[in-house]
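Going by the numbering used here, the letters in the sequence shown line up with residues 122 to 308, in that order. Glycine residues also receive a C-beta, built at the ideal position from the N, C-alpha and C atoms. What follows is a single structure, written as structure tokens, with notes after it.
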Amino acid sequence: MLLLGAALLLGCKSRASSDPVPSVASASPEKGPSLLTEKPLQKALLGLREAVGGDVQAIELRIYPTRVVLQAQDPKRPSNVDQYIYKDGKVGKAVPVKLQGSGKLEDNLFPLSEVKLERIPPLAGRALSELRLENAHVGFVSVKRDLPRSMGIRLRVKVQSPRKDAYWDTDVDGNPIVSDAGADAAP
Numbered sequence: 122m123l124l125l126g127a128a129l130l131l132g133c134k135s136r137a138s139s140d141p142v143p144s145v146a147s148a149s150p151e152k153g154p155s156l157l158t159e160k161p162l163q164k165a166l167l168g169l170r171e172a173v174g175g176d177v178q179a180i181e182l183r184i185y186p187t188r189v190v191l192q193a194q195d196p197k198r199p200s201n202v203d204q205y206i207y208k209d210g211k212v213g214k215a216v217p218v219k220l221q222g223s224g225k226l227e228d229n230l231f232p233l234s235e236v237k238l239e240r241i242p243p244l245a246g247r248a249l250s251e252l253r254l255e256n257a258h259v260g261f262v263s264v265k266r267d268l269p270r271s272m273g274i275r276l277r278v279k280v281q282s283p284r285k286d287a288y289w290d291t292d293v294d295g296n297p298i299v300s301d302a303g304a305d306a307a308p
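Okay, structure coming up:
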């Protein structure tokens, strides 16, 4: 496995709720339209896809309320990975990513087109509802392989509150992934 950072996995059991799903746009302490909402996220993803070019093979996509960070394979030099940051309506210059570990790059990559990214805003709102933390907001949503546990793609929502942070994990279809990691486990 290619080590790109420490990753402990966490999930919460899904429970039915009659409460409405909180709005992510109002859940962020940041000002301006949150990139965790549908139209701003669509615009950011379009810009990132254009910057990378071709079919995006990603290591990780991380969406914050005010920026989106994509680590993706360079289609012109497949042994390289670059990081792109979308912020303030534009994509910054590609920055090389230093790969570490003994694993294969190919095992960590996934086609970004395999993920229904339009599901991210509702999943972020659902995480707020499921985790039920007081005065909480979504810190970020990450999309990457669920390594070392499986080759599946995991969506992880980090929910933050003044008293506690927690993670809510799902597969690409939005089904919760249950884990034995603690609530404050790192992504």
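### Message
According to DSSP, simplified to helix, strand and coil, what is I241?
### Response
helix
### Query
So, using beta-carbon positions, are R188 and I206 closer together than 7 Å?
yes
#### Entry: Proximity to L244 [Cα-Cα], best of L220, S155, V262
V262
### Query
Per DSSP, what kind of secondary structure is V212 in: helix, strand or coil?
strand
### Outcome for Q221 when other beta-carbon atoms lying within 10 angstroms are tallied against a minimum of 16
exposed
### Task
Rounded to whole angstroms, what's the CA-CA distance from K160 to L230? Just pull it up for me.
26 Å
### Task
Taking V278 as part of the beta strand (DSSP E), name the residues at either end of that continuous run.
274–281
### Message
I need the straight-line Cα distance from K219 to L226, nearest angstrom please.
### Response
12 Å
#### Entry: Own chain residues within Cβ distance below 6 Å of P196, not counting five before or after
G174, G175
#### Entry: Residue ranges of each beta strand (DSSP E) within the region 147–196, 3 or longer
178–184, 188–195
### Message
Using 7 Å as the threshold, is the C-beta distance between A179 and A165 below it?
### Response
no
### Query
When the Cα of D292 is compared with those of R266, D286, Q281, which residue comes out closest?
R266
### Query
With respect to the alpha helix (DSSP H) encompassing D290, which residues constitute its N-terminal and C-terminal limits?
That residue, D290, is in no alpha helix (DSSP H); its beta strand (DSSP E) goes 286–291.
### Task
Name the residue from L238, G224, P242 whose alpha carbon lies nearest to the alpha carbon of P269.
G224
### Task
State the DSSP-derived secondary structure class of S144, mapped to helix, strand or coil.
Any answer about S144 is weak, because its pLDDT of 49 lies below 50 and its placement is not dependable; what the coordinates show is given next. If DSSP states are grouped into helix, strand and coil, S144 belongs with coil.
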